[in-house]
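Numbering-wise (the numbering used here), the sequence shown opens with residue -16 and increments by one.
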Amino acid sequence: MRQHFEALQKTGANHVPLSPLSFLHRAESLHAARTAVIYGNIRRSWAETCDRIRAVAAGLMGLGVAQGDTVSVLSPNIPELFELHFALPLTGAVLNTLNTRLEPETIAYILDHADTKLVVVDRELVPLLSQAFDRLGRTLPVVEVADPNAPGETLGGPTYESLLSNEPLPVVLPDDEWNAIALNYTSGTSGRPKGVVYHHRGAYLMALGTGTAWQMPPYPVYLSVVPMFHCNGWGHPWLMAMLGGTMVFTRVPAADRILAAIRTHGVTHFGAAPIVLQMLAEAESNATPFDPAIRVLTAGAPPPPSVLEKTRAMGFDVMQVYGLTETYGHISQCLWQEDWDDLTPAEQSELQAQQGIAFPMVEEVTVIDRASGAPVPRDGNSQGEIAIRGNTVMAGYYKDAEATAAAFADGWFWSGDGAVVHENAYIQIRDRLKDVIISGGENISSVEVEAVLYRHDAVQAAAVVAMPHEKWGEVPCAFVELRDGIQATSDELIAFCRANLAAFKAPKAVIFETLPKTSTGKIQKFQLRNRAKSLE
């Protein structure tokens, strides 16, 4: 019997490479008349957007872009960057979205390490790219986006719009779904960024799984807040083509622009880091709540429960998701449970801050004790490391076989995040493993201490790291950014923590300053750890 099953072969009829380019074909066929893009005065249908994408792909190939080439893009969230998420894969090239807030030296490093063949640059960011070229010691060919909504300079390269004069390419899937579709660099919270390679299969499944996990209906109106240089906007640009959604752009993710866009365009969904939600809550403190509620995903750092409580009052239905650059973005969700309905808002927010359970397209997300190799018990107390396996785990680190092998040890991707598992199987991060503070033999979660600090009215942002201590080995040290116009002393904040935590967990020092952050809102704790080493 077995030989009869084995005789059946993959053919063009029963096996098609998975790729987000399939969603482009669907959008062109099914959603042609629907609005795909809103940006200022621009309104484009899916038919117009697909025509532009296919013409841009042809224009890029005319400039010599070929299969496997890296094309870097330095741009804010605008329609052109959205289009390139399809146009570059259509050429067979690899999309490398550059973090627009990086310093020139790091951009130069990425351009060199990524073997970039061409750069597409928004003209407002030409000065930044020019400085990066200076650090690189050479220039690269450029295509320039001339956005009338922003000032700009030129390096003399062809414009993006000039690419549209080409005869559009047909939508053709890759020969192999394992082909690279994107090269994303880690945020560099602990040193030089690493190049993370995504393949077409993973990008397809990320979009499909996100739609299912978010219970997203057809034709959503999605506000583009998550930077598309961060895990390709969590895969949401590809998802919108599948659902026939509308992408709304504000170029600058300022609170007033975001809130105005939500009201003006009937936004139904968006994603944002906790720091953005906090910014929106402060800007909208006395306004009428949105009705119906806006569906929001938040990720990037465990959100303080106080922020979740404030945004719920605004009419935001926020779901915490968890992931890494190496997993194409979110791979677990804190799915609401019915038995939470009768809890107080504060209790609900505490539960919503958990990282939850695996997305549908992820095979497994678990917490493992690295010493024993066994999953930790579901007691909410035993800590291990989050380990992941599935089709939305990266192909590997670009030009770094050693780091790839270490990340994939024993058949898992090791996240570096310390976590516990609750009785209901929900995961909750306690800390990055390197951020756990061991004081007198007791483990202290910096996330737990930070959550208490965020509840103080004066605290805008907080980060807790280990500070050397003669007796206890190390103790918590808090770096705090105060809200404008509100004062607090270190003694006041330490007392507040002692009133809400075990005494040994309270910070022994508080430093007031503007906290160093990545462009995605993550606090760069490695800088603070280095500072704290000198504070003994």
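Here a beta-carbon is modelled for each residue, glycine too, at the ideal position from N, C-alpha and C.
Note that the structure is predicted; figures quoted are calculated from it, not measured.
Simplified DSSP state of residue i, which is helix, strand or coil
i: Gly178; result: strand
i: Gly(-16); result: In the sequence on display, residue -16 carries Met and not Gly. In the structure shown, Met(-16) sits in coil (DSSP, three-state: anything other than H, G, I, E or B).
i: Gln510; result: helix
i: Phe396; result: strand
i: Ile469; result: coil
i: Leu13; result: helix
i: Val102; result: strand
i: Leu222; result: helix
i: Cys460; result: strand
i: Pro272; result: coil
i: Glu127; result: strand
i: Tyr202; result: coil
i: Ala528; result: Outside the shown range of the chain, which is -16 to 519, sits residue 528, and nothing can be said about it.
i: Asn162; result: coil
i: His183; result: helix
i: Val259; result: helix
i: His68; result: helix
i: Val(-1); result: coil
i: Arg438; result: coil
i: Arg353; result: coil
i: Ser173; result: With a pLDDT of only 47 at Ser173, under the threshold of 50, the placement of this residue in the model should not be trusted; the figure read from the coordinates follows. In the structure shown, Ser173 sits in coil (DSSP, three-state: anything other than H, G, I, E or B).
i: Lys500; result: strand
i: Val359; result: coil
i: Met44; result: helix
i: Phe342; result: coil
i: His452; result: strand
i: Glu347; result: strand
Pair within 9 Å by beta-carbon distance, residue i and residue j
i: Leu465; j: Ala441; result: yes
i: Leu260; j: Leu242; result: no
i: Ala378; j: Pro328; result: no
i: Ile427; j: Tyr305; result: no
i: Gly373; j: Ala341; result: yes
i: Thr308; j: Cys214; result: yes
i: Val(-1); j: Leu191; result: no
i: Pro3; j: Ala163; result: no
i: Gly562; j: Gln366; result: Nothing can be reported for residue 562, as the shown portion of the chain is limited to -16 through 519.
i: Leu81; j: Phe212; result: yes
i: Gln484; j: Val448; result: According to the sequence displayed, residue 484 carries Leu and not Gln. No. Outside cutoff.
i: Ile314; j: Val359; result: no
i: Phe232; j: Ile245; result: no
i: Thr310; j: Phe396; result: yes
For residue j and residue i, believed in contact at Cβ under 8 Å, the rounded distance
i: Glu368; j: Val350; result: 7 Å
i: Val154; j: Leu7; result: 6 Å
i: His439; j: Leu476; result: 6 Å
i: Ser332; j: Leu291; result: 4 Å
i: Leu73; j: Leu188; result: At roughly 19 Å, the Cβ-Cβ gap does not stay under 8 Å, so Leu73 and Leu188 are not in contact.
i: Val403; j: Gly363; result: 5 Å
i: Val180; j: Tyr168; result: At roughly 11 Å, the Cβ-Cβ gap does not stay under 8 Å, so Val180 and Tyr168 are not in contact.
i: Leu226; j: Pro201; result: 5 Å
i: Asp239; j: Ala282; result: Going by Cβ atoms, the distance from Asp239 to Ala282 rounds to 23 Å, so no, they are not a contact pair.
i: Trp197; j: Leu280; result: 7 Å
i: Leu318; j: Gly339; result: 6 Å
Element boundaries [alpha helix (DSSP H), containing residue i]
i: Asn483; result: 473 to 483
i: Arg246; result: 238 to 248
i: Leu111; result: 109 to 119
i: Ala390; result: 384 to 390
i: Gly216; result: 214 to 217
i: His96; result: 87 to 96
i: Ala329; result: 328 to 335
Boundaries (first-last residue) of the beta strand (DSSP E) holding residue i
i: Met302; result: 299 to 307
i: Gly373; result: 367 to 373
i: Gly254; result: 252 to 255
i: Ile421; result: 420 to 422
i: Ser28; result: 25 to 28
i: Asn79; result: 77 to 80
i: Tyr22; result: 18 to 22
i: Thr281; result: 277 to 281
i: Val231; result: 229 to 232
i: His313; result: 312 to 316
i: Leu416; result: No beta strand (DSSP E) contains Leu416, which DSSP labels as neither H nor E.
i: Ala492; result: 492 to 495
i: Ser55; result: 53 to 57
Residue-chain proximity (residue i, chain D), Cβ-Cβ < 9 Å
i: Ser473; result: Protein chain content of the structure displayed is limited to a single chain, and chain D is not contained in it.
Check whether the region 30 to 39 and the region 142 to 158 are in contact - that is, three or more C-beta pairs closer than 8 Å.
yes
Evaluate the contact criterion for the region 38 to 45 versus the region 245 to 257: three or more CB pairs, one atom per stretch, below 8 Å.
no
Can we say the region 54 to 69 touches the region 95 to 111, given the rule of at least three CB pairs closer than 8 Å?
yes
Just checking, does the region 133 to 142 make contact with the region 15 to 31 on the three C-beta pairs under 8 Å criterion?
no
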